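Report on one structure; see the data block that follows.
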Amino acid sequence: MIYKVTHTTTYSYSETVPVCHNEVHLTPREHPYQACSYNRLLIRPHPVTSGKRVDYFGNPVSFFTVQEGHHKLVVTAVSKVRLSEPPDHRPAITPPWEKIRAALPGFRHPQGLDAYQYVFDSPHVACSAELAGYAHASFTPGRPILEAAIDLNQRIHRDFEYDPQATSVHTPLSEVLAHRRGVCQDFAHLAIGCLRSLGLAARYVSGYLRTVPPPGKPRLVGADASHAWLSIFCPESGWVDLDPTNNSVPSLDYITLAWGRDYSDVCPIKGVFVGGGNHGMSVSVDVVPLS
């Protein structure tokens, strides 16, 4: 499957912004089932400096500085991405989760060492007894790790209500767990917190989800979504993606932008600016299949 992705973020300011510095994760990263053949970043006003680098987690990052006074900043990323079907991991025959937990600290090969860093707390995900308690209903003794993880995925989808007004990026997991409401970012953080509280490795994934209009309805430009999900590490299977918001195992409708410990590592756009007064932001995402 080949997609063209157009992601436009618009910042509006009530007063002039004379200068801003920004860093963006808007280039889809490469992995065994995804290849990005084209990516272009369009910025208005035109930046005085710009560049690219690869961050600690291997994600492509762009950065730029605007030194022209402006009341509006528009950042558009246009990408072309090819996806292939990931393998069926056969969850029922994966190893018991306790075996994976016991093995993680002893790994010395590169993949295992990389995975072990995702066992620990991060800025938006702190382990707790409450999260472990919620996870244990799925992670019963001796249960295959992917079977248990998929069950946790299903329970979060069933037990929590999608509510864009209920949380912000700063809402702690304890509140999400208590009120049983949130958005995709919260549910990804929640699942990661549950897994790490059991001593398992889980990472945050930022990307796009292609949406399909109801039968007989036209496709709405810009109505696709920036999305968040998670990956759990199983040595025999590698990293396996799960989406608790939609109770699914991501496949050809999911385009990966970046991954890290949590949202703070892969925020699509972040930066600093001078002045501006009151400001607002709008985002439009368009995911168009080309084949």
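So that you can map any letter, position 188 of the sequence shown is 209 in our numbering, and since no number is skipped, the others follow by simple counting. Backbone N, C-alpha and C fix where the C-beta goes; we use that ideal spot for every residue, glycine too. Predicted model, so just to flag it, every value in this text is computed and none were measured.
How about A279 and R74: are their beta carbons less than 8 angstroms apart?
-> Within the sequence shown, the letter at position 258 stands for residue 279. Within the sequence shown, the letter at position 53 stands for residue 74. For A279 and R74, no; Cβs fall outside 8 angstroms.
Mind checking which residues open and close the alpha helix (DSSP H) that includes C205?
-> Position 184 of the sequence shown, counted from the start, is the residue given in the question as residue 205. Per DSSP, C205 belongs to the alpha helix (DSSP H) from C205 to S218.
Close beta carbons around G243, own chain, < 6 angstroms, minus the five adjacent residues each side = In the sequence shown, counting from the first residue as 1, residue 243 sits at position 222. Bear in mind that the predicted position of G243 carries a pLDDT of just 45, short of 50, making it unreliable; the figure below should be weighed with that in mind. The beta carbon of G243 lies closer than 6 angstroms to those of S305 and D307 in the same chain, with the five residues before and after it left out.
Which of the three DSSP states, helix, strand or coil, is assigned to V69?
-> Against the sequence shown, residue 69 aligns to sequence position 48. The answer is coil: DSSP assigns V69 none of H, G, I, E or B.
Looking only at C-alpha atoms, which of P81, S35 and S33 sits nearest to R61?
-> Here residue 61 is taken as the residue at index 40 of the sequence shown, counted from 1. Looking at the Cα atoms, P81 is the closest of the given residues.
Specify, as a first and last residue, the run of the beta strand (DSSP E) that L12 falls within.
-> Any question about residue 12 goes unanswered here, given that the chain covers just 22 to 312.
Return yes when the Cβ of W118 is within less than 8 angstroms of the Cβ of I166, no when it is not.
-> Residue numbering aside, residue 166 sits at position 145 when the sequence shown is read from its first letter. Residue numbering aside, residue 118 sits at position 97 when the sequence shown is read from its first letter. Contact: yes.
Does the Cβ-Cβ distance between L125 and A222 come in under 8 angstroms?
-> Looking up residue 125 in the sequence shown gives position 104. Looking up residue 222 in the sequence shown gives position 201. In this structure, A222 lies closer than 8 angstroms to L125 by Cβ.
Classify H130 as buried or exposed, calling it buried when 16 or more other Cβ atoms lie within 10 Å of its own Cβ.
-> Counting from 1 along the sequence shown, the entry for residue 130 is found at position 109. Classification for H130: exposed.
Out of curiosity, what's the CA-to-CA distance linking D274 and L94?
-> The sequence position of residue 274 within the sequence shown is 253, counting from 1. The sequence position of residue 94 within the sequence shown is 73, counting from 1. Whole-angstrom Cα-Cα distance: 30 angstroms.
Should S209 and Y225 be called a contact, given that it needs their Cβ atoms to be closer than 8 angstroms?
-> Mapped onto the sequence shown, residue 209 falls at position 188. Mapped onto the sequence shown, residue 225 falls at position 204. Per the sequence shown, residue 209 should be read as Ala rather than Ser. Closer than 8 angstroms, so yes.
Using 10 angstroms around the beta-carbon of I23, count the other beta-carbons present and answer buried if the total reaches 16, otherwise exposed.
-> As a position in the sequence shown, residue 23 is number 2, starting the count at 1. Around the beta-carbon of I23, fewer than 16 other beta-carbon atoms lie within 10 Å, marking it exposed.
Same chain only: Cβ atoms within 6 angstroms of G203, ignoring 5 sequence neighbours per side | Along the sequence shown, read from residue 1 onward, the residue named residue 203 stands at position 182. A187, T188 and V197.
CB-CB under 6 angstroms to V146, same chain, minus the five flanking residues each way: which ones, in chain order?
-> Taking the sequence shown and counting its residues from 1, one reaches residue 146 at position 125. Excluding sequence neighbours, V146 sits near H210, I213, G214 and D283.
Which residues in the same chain as H52 place their Cβ atom closer than 8 angstroms to its Cβ, once the five residues preceding and following it in sequence are excluded?
-> The residue labelled residue 52 in the question sits at position 31 within the sequence shown. Correct list, in chain order: T277.
Cβ of H92 within 8 angstroms of Cβ of T37?
-> Position 71 of the sequence shown, counted from the first residue, corresponds to residue 92. Position 16 of the sequence shown, counted from the first residue, corresponds to residue 37. In this structure, T37 lies closer than 8 angstroms to H92 by Cβ.
Using the C-alpha atoms, what's the distance from L63 back to F8?
-> Residue coverage of the chain in this structure runs from 22 to 312, which leaves residue 8 outside it and unanswerable.
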